[in-house]
Amino acid sequence: MLYSIVDVTDQKIKDRLAVSCDNQPFIARAPMVWVFLADYQRWYDYFIASGVEEICAQQKTSTQKPEEADLFLACSDALIAAQNAVIAAESFGLGSCYIGDIMEQYETHKELLHLPQYVFPIGMVVFGYPTQQQKQREYSTRFDKKFIVFENQYRQLGRHEFDEMFAERQSQLPKGKSMEGINNVGQAIYLRKFSADFSVEMRRSVREILKSWMK
Ligand SMILES: Cc1cc2nc3c(=O)[nH]c(=O)nc-3n(C[C@H](O)[C@H](O)[C@H](O)COP(=O)(O)O)c2cc1C
3 MLYSIVDVTD QKIKDRLAVS CDNQPFIARA PMVWVFLADY QRWYDYFIAS GVEEICAQQK
63 TSTQKPEEAD LFLACSDALI AAQNAVIAAE SFGLGSCYIG DIMEQYETHK ELLHLPQYVF
123 PIGMVVFGYP TQQQKQREYS TRFDKKFIVF ENQYRQLGRH EFDEMFAERQ SQLPKGKSME
183 GINNVGQAIY LRKFSADFSV EMRRSVREIL KSWMK
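In this note's numbering, the protein residues as written are 3 to 217.
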């Protein structure tokens, strides 16, 4: 159990998260807001409290601290917990939305949620009651399995495969002023997601969390 959950019930904290997580007002209105934390603090504190420094000194080895690998493992565990919560909620007829933006604004979230050094806010999920329209929403299409499941070894995709992979989405590319000069799905997604301000902030923020984790 390398994870913890913060159940945010204080409206003032929800209001702040709605702003700090890339201005998404529905966060403030969500009946249930859970922050999933990759948490090595509890284990590390327990190790120290258990006298691991003494046993290491006795065995003439240095005391290990959590590093990047431990963080990745804790992130896996926290996200498994998050997805189980999403599925459990679904079984009760509840809807959910992941909020990746919780990795942004580290300084704000650290203060707001009292995060110590070895706690990384890897995901947030907001839960609510889906509207009729949301219940009837068609599922988004997924990439064809051949592009995402490989046998035995990874295979890097090439130009022709991308054309096939994105053909349907390419034909549905919206037109209009905001799309001026944009020729394909790759350019659209790059501009709307990958190079957008929130992604730049997420990279900055995660860099800061890593610096603190590795101190
Ligand atoms: C890691 C992750 C982060 C996400 N972050 C956000 C977010 O910040 N805001 C949001 O409205 N939706 C967010 N989503 C939800 C997606 O936009 C999308 O609605 C959801 O994954 C359902 O996808 P589907 O329509 O392809 O089934 C996130 C999803 C994932 C998996």
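Positions of the beta carbon are idealized from the N, C-alpha and C atoms, including for glycine.
As the structure is a computational prediction, the values presented were derived from the model and not from experiment.
Item to complete: Note down the Cα distance separating A71 from Y42, rounded to an integer number of angstroms.
Response: Stepping through the sequence shown from its first residue, residue 71 is reached at position 69. Stepping through the sequence shown from its first residue, residue 42 is reached at position 40. Rounded to the nearest angstrom, the two C-alpha atoms are 11 Å apart.
Practice prompt. Taking only heavy atoms of ligand 1 into account, decide whether any of them is closer than 8 Å to the Cβ of S197.
Written response: Position 195 of the sequence shown, counted from the first residue, corresponds to residue 197. No, since every heavy atom of ligand 1 falls outside the 8 Å radius drawn around the Cβ of S197.
Worksheet entry | Cβ-heavy atom distance, D103 to ligand 1, below 8 Å | Residue numbering aside, residue 103 sits at position 101 when the sequence shown is read from its first letter. Relative to ligand 1, the nearest heavy atom lies less than 8 Å away from the CB of D103.
Fill in: Other residues of its chain near E55: CB distance less than 6 Å, five sequence neighbours each side excluded
Mapped onto the sequence shown, residue 55 falls at position 53. Within the same chain, E55 has close Cβ partners T65.
Fill in: Contact the region 93-105 vs the region 183-196: 3+ CB pairs below 8 Å
Put simply, the region 93-105 does not touch the region 183-196. Fewer than three CB pairs are less than 8 Å apart.
Discussion item. According to DSSP, simplified to helix, strand and coil, what is I15?
Written reply: In the sequence shown, the residue the question calls residue 15 occupies position 13. Here I15 sits in helix by DSSP.
Worksheet entry | Residue interval of the alpha helix (DSSP H) (run including I104) | Residue mapping note: residue 104 aligns to position 102 of the sequence shown, counting from 1. In this chain, I104 is not harboured by any alpha helix (DSSP H), its DSSP state being neither H nor E.
Worksheet item: Where do the ends of the beta strand (DSSP E) carrying S142 lie?
Response: As a first step, residue 142 is located in the sequence shown; it is residue number 140 there, counting from the start. Careful: S142 lies outside any beta strand (DSSP E) and carries neither H nor E.
Discussion item. The beta strand (DSSP E) that contains I82, what's its start and end?
Written reply: On the sequence shown, residue 82 is found 80 positions in, with the first residue counted as 1. Unbroken run through I82 is the alpha helix (DSSP H), E70 to S93; no beta strand (DSSP E).
Worksheet item: What are the start and end residues of the beta strand (DSSP E) that includes I7?
Response: Taking the first residue of the sequence shown as position 1, residue 7 is located at position 5. Taken as a continuous stretch (DSSP letters only), the beta strand (DSSP E) holding I7 covers Y5 to V10.
Worksheet item: At which residues does the alpha helix (DSSP H) containing M204 begin and terminate?
Response: Counting from 1 along the sequence shown, the entry for residue 204 is found at position 202. D199 to W215 is the extent of the alpha helix (DSSP H) around M204.
Practice prompt. State the DSSP-derived secondary structure class of V151, mapped to helix, strand or coil.
Written response: Along the sequence shown, read from residue 1 onward, the residue named residue 151 stands at position 149. It is coil, neither helix nor strand.
Item to complete: With distances taken Cα to Cα, identify the nearest neighbour of R31 among L19, L39, V37 and D24.
Response: Counting from 1 along the sequence shown, the entry for residue 31 is found at position 29. Of L19, L39, V37 and D24, the residue nearest in Cα terms is L19.
Worksheet item: Which term fits Q60, buried or exposed, when burial requires 16 or more other beta carbons within 10 angstroms of its beta carbon?
Response: As a first step, residue 60 is located in the sequence shown; it is residue number 58 there, counting from the start. The C-beta of Q60 has fewer than 16 other C-beta atoms within 10 Å across all chains shown, which makes the residue exposed.
Discussion item. I want to know whether the region 105-123 touches the region 143-159 - three or more CB-CB distances under 8 Å.
Written reply: No: fewer than three Cβ pairs fall under 8 Å.
Worksheet item: How about D103 and F196: are their beta carbons less than 9 Å apart?
Response: Stepping through the sequence shown from its first residue, residue 103 is reached at position 101. Stepping through the sequence shown from its first residue, residue 196 is reached at position 194. No, these two residues do not count as a Cβ contact at 9 Å.
Discussion item. Using only the alpha-carbon positions, how far apart do Q155 and R144 sit?
Written reply: Numbered from its first residue, the sequence shown carries residue 155 at position 153. Numbered from its first residue, the sequence shown carries residue 144 at position 142. Roughly 21 Å between the two C-alpha positions.
Worksheet item: Any heavy atom of ligand 1 within a distance shorter than 8 Å of the CB on S142?
Response: By one-based count along the sequence shown, residue 142 stands at place 140. At least one heavy atom of ligand 1 falls within 8 Å of the beta-carbon of S142.
Worksheet entry | Residues sharing a beta bridge with A40, DSSP | Your numbering for residue 40 matches position 38 in the sequence shown. As DSSP reads the structure, A40 sits in a beta bridge with Y5 and F122.
Fill in: Bridge partner(s) assigned by DSSP for G188
What you label residue 188 is simply residue 186 of the sequence shown in a count that begins at 1. DSSP lists no partner for G188.
Fill in: Cβ-Cβ separation, V35 to K14 (assumed contact under 8 Å), whole Å
As a working mapping, residue 14 is identified with position 12 in the sequence shown. As a working mapping, residue 35 is identified with position 33 in the sequence shown. The pair is not a contact, with the Cβ atoms about 12 Å apart (cut-off 8 Å).
Worksheet item: DSSP on F49, reduced to helix/strand/coil?
Response: One-based indexing of the sequence shown puts residue 49 at position 47. Of the three classes helix, strand and coil, the one that applies to F49 here is helix, per DSSP.
Discussion item. Tell me which residues share the same chain as A84 and place their Cβ nearer than 7 Å to its Cβ, disregarding the 5 neighbours each side in the sequence.
Written reply: The residue given as residue 84 occupies position 82 in the sequence shown. Excluding residues within five positions, the ones whose Cβ falls inside 7 Å are F38, G125 and V127.
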